[in-house]
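Just so we're aligned, residue 1185 is where the sequence shown starts under our numbering, counting upward by one. A short worksheet on the structure shown next.
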Amino acid sequence: MKKLYILLPIFIVFCHLPVKAQFFNKLLGIHYQNGYVVLKNGDTLKGKILFNNGYENYQFLEFKDSLKNKATTYQPQEVRFFSIDSLDFYPKKWGNRSVFMCLLLNDSLKVFLYRYYMTSGNRSGTETSYFFEKPSREFLQVFWNQSYPFQLKAAEFFSDCPELSEKIRNGKYTIDDLFLVAKEYNKWLRTRQSTK
């Protein structure tokens, strides 16, 4: 009970101090970054963006108008894309929800990075996966771990390009070669389109 009597006056004094929001942001590990958001209606907003990629609120972004200092939260279905630190994030449908994914390769076959918060019975934390997306919008999620059957899944996904599929199946390309696989598939797509 004595601890309560000691802590209560400290709390009251602390709450009445003119503490700036920046102090709380630093204390809580909240970092706004300069960037811009393009909304579905075509509006472009420039200002500060808070996007906790890989945390529990990964499916939202918060935009703070520099002039009004007012924060607005946007969900993926409201945004065409947003950009921070020269990285572009696009809303993508994954499972039964929409999430933001970072575009790593913008070609006919696109490569996205997706970080998400996961909780299971014995652990929780951020998971990272990559997505190949074909022009047909068909996609393959690739997990960066030893137990993921990359050769089997990727060879099947790229079966429309038999030469690439065979290289993956025979181990010439492994999970470490995601961008080489994407480069070869995009090259194959271009040659196929030029012969039409």
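Just so you know, even glycine gets a beta-carbon here, dropped at the ideal spot from N, CA and C.
Buried or exposed (CB count within 10 angstroms, at least 16 for buried), residue i
i	result
Gly-1279	exposed
Leu-1251	exposed
Pro-1346	exposed
Leu-1362	buried
Lys-1254	exposed
Leu-1336	exposed
Pro-1319	exposed
Gly-1226	exposed
Contacting residues, own chain, Cβ-Cβ under 8 Å from residue i (five flanking each side not counted)
i	result
Gly-1309	Tyr-1301 and Met-1302
Chain-order list of residues whose beta-carbon lies under 7 Å from that of residue i (same chain, five-residue window excluded)
i	result
Asp-1269	Gln-1217
Leu-1364	Tyr-1357
Alpha helix (DSSP H) segment containing residue i, residue limits
i	result
Arg-1383	Because the chain here runs from 1185 to 1380, residue 1383 falls outside it and cannot be looked at.
Glu-1340	1334–1341
Contact with chain B by residue i, beta-carbon distance below 7 Å
i	result
Val-1295	Absence of chain B from the displayed structure is noted, only one protein chain being present.
Own chain, CB closer than 6 Å to residue i, minus 5 neighbours either side, in chain order
i	result
Cys-1286	Leu-1271, Phe-1273 and Leu-1297
Ala-1366	Leu-1289, Leu-1293 and Val-1295
Asn-1370	Asp-1291, Ser-1292 and Leu-1293
Cβ separation of residue i and residue j, assumed to be a contact under 8 Å, to the nearest whole Å
i	j	result
Lys-1276	Ser-1267	Rounded, the Cβ-Cβ distance is 16 Å, inconsistent with contact.
Endpoints, beta strand (DSSP E) assigned at residue i
i	result
Arg-1264	1263–1268
Arg-1353	From DSSP, Arg-1353 is part of no beta strand (DSSP E) but of the alpha helix (DSSP H) over 1346–1353.
From the options, residue whose alpha carbon lies closest to that of residue i
i	options	result
Thr-1256	Phe-1265, Leu-1229 and Arg-1264	Leu-1229
Lys-1232	Asn-1225, Lys-1224, Leu-1223 and Leu-1245	Leu-1245
Lys-1373	Lys-1351, Asn-1354, Asp-1344 and Val-1222	Residue 1373 is actually Leu in this sequence, not Lys. Checking every option, the nearest Cα to that of Leu-1373 belongs to Asp-1344.
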